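Chemist: Take the sequence shown: its position 71, counted from the start at 1, is 71 in UniProt numbering, and no numbers get skipped. The beta-carbon is built from N, C-alpha and C at its ideal position, and this holds for glycine as well. Fair warning: this is a prediction, and the values are worked out from it, not measured in the lab.
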Amino acid sequence: NRGIDATVIRLDGAVEISIRLGVADAIADVVSTGRTLRTQGLEPFGEPLCVSEAVMIGRKGAEMDEAKQVLLKRMEGILHAQNYVMLDYNVSRDVLDEVAAITPGLSAPTVSPLANEGWVAVRAMVPRKQANALMDSLSALGAEAILATDIRIARI
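Spelled out as structure tokens, the structure:
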């Protein structure tokens, strides 16, 4: 159509490595973030060829069998996980009540004693959008080794 001399080769899995192997000069691949492409030294260019989303559709009022319920729970778990991060930090037991008040988790933070007497490790699930502000507040209260970790799947 556009006068481009090209041969289309269908590949499945690890498509991004085909350029390094000399199999392709350019690729079209389904990506979420493009991180794997960049890891291979590639950069997306141009506009996306298409944008898609996964949806589960059912008839209104239809009963869901166990397999569909499991699939729906798993999909919900991925969607919930995208809204939260796990905060881990070490803090003096003296300020535990204060830090627990700002990072209560869903029901309560997980608190574990550390080898340094008087110190504890705290772990709490927090809203992703609040993570940086919470880390600032924790640091101001003396928390150390503050880490925010992505959550892949959650059941809330």
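1) Tell me the DSSP bridge mates of residue 123?
2) Buried or exposed: where does residue 168 fall if 16 or more other Cβ atoms within 10 Å of its Cβ makes it buried?
3) Below 7 Å CB to CB, which residues in the same chain sit around residue 109 once its five sequence neighbours on both sides are set aside?
4) Is there contact between the segment 62-73 and the segment 81-88, where contact requires at least three CB pairs shorter than 8 Å?
5) What ranges does the alpha helix (DSSP H) occupy inside the UniProt domain "ATP phosphoribosyltransferase catalytic" (2-76), keeping only unbroken runs of at least 4 residues that lie completely in it?
6) Is the beta carbon of residue 17 less than 9 Å from the beta carbon of residue 26?
7) Would you check if the distance between the CB atom of residue 167 and the CB atom of residue 81 is smaller than 9 Å?
8) So residue 144 is in the beta strand (DSSP E); what residue range does that whole segment cover?
Modeler: So, from the listed chains and residues:
1) Indexing the sequence shown from 1 puts residue 123 at position 123. In the DSSP output, where bridge partners are listed per residue, residue 123 has 88 and 110.
2) Because the chain in this structure spans residues 1 to 156, residue 168 falls outside the shown range and cannot be described.
3) For the purposes of this step, residue 109 is taken as the residue at position 109 of the sequence shown. Correct list, in chain order: 100, 103, 122, 123 and 124.
4) no
5) 35-39
6) The residue given as residue 17 occupies position 17 in the sequence shown. The residue given as residue 26 occupies position 26 in the sequence shown. Not a contact, by the Cβ cut-off of 9 Å.
7) Outside the shown range of the chain (1 to 156) lies residue 167, about which nothing can therefore be said.
8) In the sequence shown, residue 144 corresponds to position 144, counting from 1. Its beta strand (DSSP E) spans residues 144-150.
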